[in-house]
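Asker: Let me begin by handing over the structure; questions about it come next.
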Amino acid sequence: MNSLRWERIKPLAYALVASAAWYCVALPFPREIPDFLSASLSFSGILIGFLVTIQTVLVTVSGAAVVDRLKQSGYMQDLERYIKEATYSLLLFALANLAGFFMAATPARWFSTLWVFLCIYGLTSFFRVSNIISKILRKV
Amino acid sequence: MAGPDPEVIIEVYVVEEMSENYPLELVLNNLASMPLARRNWTMPSGASVRLEDIQPPSDDNDFWLLDFVHLRFKQGPGRASRKRPIVGFDMSNGDGFAHETAFFYKPAEKLLLAQYNHSGLKAAGASKYFAAFGPNNQAIGYEFSPVLADDVRAKLAKADVFRKVHVKLAPGMIDKSYRENGVSLDAALNLAEGLQAPFVEVTMSVGHAQPALKTQAVRKMISGLQHLIGKNPDAVKKAQIVGHDSDEPLAINEVMDLLTPRKRYSMPVWMDRGDLRYTRDSRYKALQKTYAALKNTRTRNR
Chain A
867 MNSLRWERIK PLAYALVASA AWYCVALPFP REIPDFLSAS LSFSGILIGF
917 LVTIQTVLVT VSGAAVVDRL KQSGYMQDLE RYIKEATYSL LLFALANLAG
967 FFMAATPARW FSTLWVFLCI YGLTSFFRVS NIISKILRKV
Chain B
671 MAGPDPEVII EVYVVEEMSE NYPLELVLNN LASMPLARRN WTMPSGASVR
721 LEDIQPPSDD NDFWLLDFVH LRFKQGPGRA SRKRPIVGFD MSNGDGFAHE
771 TAFFYKPAEK LLLAQYNHSG LKAAGASKYF AAFGPNNQAI GYEFSPVLAD
821 DVRAKLAKAD VFRKVHVKLA PGMIDKSYRE NGVSLDAALN LAEGLQAPFV
871 EVTMSVGHAQ PALKTQAVRK MISGLQHLIG KNPDAVKKAQ IVGHDSDEPL
921 AINEVMDLLT PRKRYSMPVW MDRGDLRYTR DSRYKALQKT YAALKNTRTR
971 NR
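Chains as they are written, first to last, in the numbering used here: chain A, 867 to 1006; chain B, 671 to 972.
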């Protein structure tokens, strides 16, 4: 598999492995469920806010040579896709946290597995974008 | 309104097979037995390519004729005339636009002739297509090196005194070929970052003390540059060799440019009535005529 394909599927692959491991090990979820979900909801909100800021930054550097090269080479499509993927996965993670408030005190195993999947998917998607953006900004 | 007769440009390449056990013919035989739908291939860049027609050698011919289509689904032209406004084509769901490019391959000479179509598949893309349908092994692939124009080739062959080599490369410039070769965005940015300057320009020249550059080393460099030009034309911005064919001090130096004077032929083609596409038959004929012209030149030069 070439590095571009791996870069595209990496967050999904990590999330699948992590959630499968979680499901098999079946670790307990934290006892203070509402506090825990509230904290992770805030955390996902911060990351989504950061992604929106990143998009604004990209607009301001759109005239830079490196951004121009990325557009011409077709890599900008990949970057747009990565930003979308990170935003939507973190939104889904936020929704899962909200849904968690309606669950019983001890969440079902499927819910904690879904929570781990979306958490890892969102985080790795976010790190992929922030890593690339920092490299672009170094070249502006 | 009758314009000049339409012509296509044909470029000449030499095929290099990475492994002797997997000649290009093996892949072509494989492709010839495949149904059309299985010949679709998506390039790492996302572009769709398909070998639309393949004509194996016969009792009369010892060459292959191939016709590729480069499919485009995102955006396309409309239909208009000088009197009528532009209207769109009536497209069904899943339809796109296809750009055709014909190829001619003569296995005995490892010679590939490629029709040049700006929007179609290029020779570098075709080499990747063949590799994708070959054995699943990174070490097995096919390289198509462009053949230089006769005068440059003759000068290079005759020259045995090289006085200057001037090369300008753009190794750190992110271009389409990175994406087409499956390099991740992160790795592409790393590569561009590692090299602070967008271009590397090297000039090797002999001073007054030395008579010439080492012939063997320069010849190796020339063949390396030709490979690079074939694989990624955008990466080489300048490749000039200065030399002459005699070691007399007063011999006139010749500048040999490896980039611009590629061997190219212009051949007539025609369209079907009511259709603005050059017919496959006319493009195949243009390729065969190019081969005949090439053969004539070779015979004359002997």
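Glycine included, each C-beta is placed from N, C-alpha and C at the ideal position.
Since we're looking at a predicted model, the values are computed, not measured.
For residue 897/B, name the three-state secondary structure that DSSP assigns.
Answerer: It is helical.
Asker: Comparing alpha-carbon positions, which option in 949/B, 960/B, 959/B, 963/B lies nearest residue 771/B?
Answerer: Here the closest residue by C-alpha is 949/B.
Asker: Excluding the five sequence neighbours on either side, which residues of its own chain have a C-beta within less than 6 Å of the C-beta of residue 938/B, listed in chain order?
Answerer: Result list for residue 938/B: 675, 677, in chain order.
Asker: Among residues of its own chain, excluding the 5 on either side of residue 967/A, which ones have a beta-carbon nearer than 8 Å to its beta-carbon?
Answerer: Cβ neighbours of residue 967/A beyond the five flanking positions: 900, 903.
Asker: Could you check what DSSP says for residue 786/B in three-state terms: helix, strand or coil?
Answerer: Correct three-state label for residue 786/B: strand.
Asker: Can you tell me whether residue 984/A is helix, strand or coil according to DSSP?
Answerer: Note: residue 984/A maps to helix in three-state DSSP.
Asker: Quick check on residue 694/B - is its C-beta less than 8 Å from some C-beta in chain A?
Answerer: Closer than 8 Å: no.
Asker: By the three-class DSSP mapping on this structure, what secondary structure does residue 973/B have?
Answerer: Because chain B in this structure spans residues 671 to 972, residue 973/B falls outside the shown range and cannot be described.
Asker: Can you pull the chain A neighbours of residue 849/B, defined as C-beta to C-beta under 7 Å?
Answerer: Under the 7 Å cutoff, chain A gives 870, 939, 940, 941.
Asker: Check whether the Cβ atoms of residue 740/B and residue 707/B lie closer than 8 Å to each other.
Answerer: No, Cβ-Cβ distance for residue 740/B and residue 707/B is not below 8 Å.
Asker: Residues of chain A with CB under 7 Å from residue 905/B, in chain order?
Answerer: In chain order: nothing, as chain A lies at least about 13 Å away.
Asker: Which residue marks the beginning of the alpha helix (DSSP H) containing residue 900/A, and which one marks its end?
Answerer: Its alpha helix (DSSP H) spans residues 899–926.
Asker: Output yes if chain A places a C-beta closer than 8 Å to the C-beta of residue 852/B; else output no.
Answerer: For residue 852/B, the answer is yes, since a Cβ of chain A falls inside 8 Å of its Cβ.
Asker: Return the first residue and the last residue of the alpha helix (DSSP H) that residue 800/B is part of.
Answerer: It spans 793–802 - the alpha helix (DSSP H) in which residue 800/B sits, taken as one unbroken run.
Asker: For a contact defined as C-beta to C-beta under 8 Å, what are the partners of residue 998/A on chain B?
Answerer: Result: 855, 856, 859.
Asker: Residues of chain A with CB under 7 Å from residue 846/B, in chain order?
Answerer: In chain order: 939, 940.
Asker: Taking the C-alpha atoms as reference points, what is the distance between residue 704/B and residue 949/A?
Answerer: When rounded, the distance between both Cα atoms is 39 Å.
Asker: With a cut-off of 8 Å, does the C-beta of residue 873/A fall near any C-beta of chain B?
Answerer: So yes, residue 873/A belongs to the interface.
Asker: Do residue 983/A and residue 913/A come within 8 Å of each other at the CB atom, strictly closer than that value?
Answerer: No, these two residues do not count as a Cβ contact at 8 Å.
Asker: Kindly list the residues whose CB is nearer than 7 Å to the CB of residue 767/B, restricted to its own chain and excluding five residues on each side of it in sequence; keep chain order.
Answerer: If we look at residue 767/B and ignore the five residues flanking it on each side, its Cβ neighbours are 742, 746.
Asker: If we define contact as Cβ-Cβ less than 8 Å, is residue 714/B a contact residue for chain A?
Answerer: Taking Cβ atoms only, chain A reaches closer than 8 Å to residue 714/B, which makes this a yes.
Asker: Can you give me the Cβ contacts of residue 882/B inside the same chain, cut-off strictly under 8 Å, excluding the 5 residues immediately before and after it?
Answerer: Counting only Cβ-Cβ distances below 8 Å, and skipping sequence neighbours, we find 831, 832, 833, 876, 913, 917.
Asker: Taking 8 Å as the threshold (beta carbon to beta carbon), is residue 1002/A in contact with chain B?
Answerer: Cβ-Cβ to chain B under 8 Å: yes for residue 1002/A.
Asker: Tell me the DSSP secondary structure of residue 875/B in three-state form.
Answerer: Note: residue 875/B maps to strand in three-state DSSP.
Asker: Quick one: measure Cβ to Cβ for residue 855/B and residue 944/A, integer angstroms, because I've assumed they're closer than 8 Å.
Answerer: Yes, residue 855/B and residue 944/A are in contact; Cβ-Cβ is about 5 Å, under 8 Å.
Asker: Alpha carbon to alpha carbon, what distance is there between residue 947/A and residue 851/B?
Answerer: Roughly 19 Å separates the two Cα atoms.
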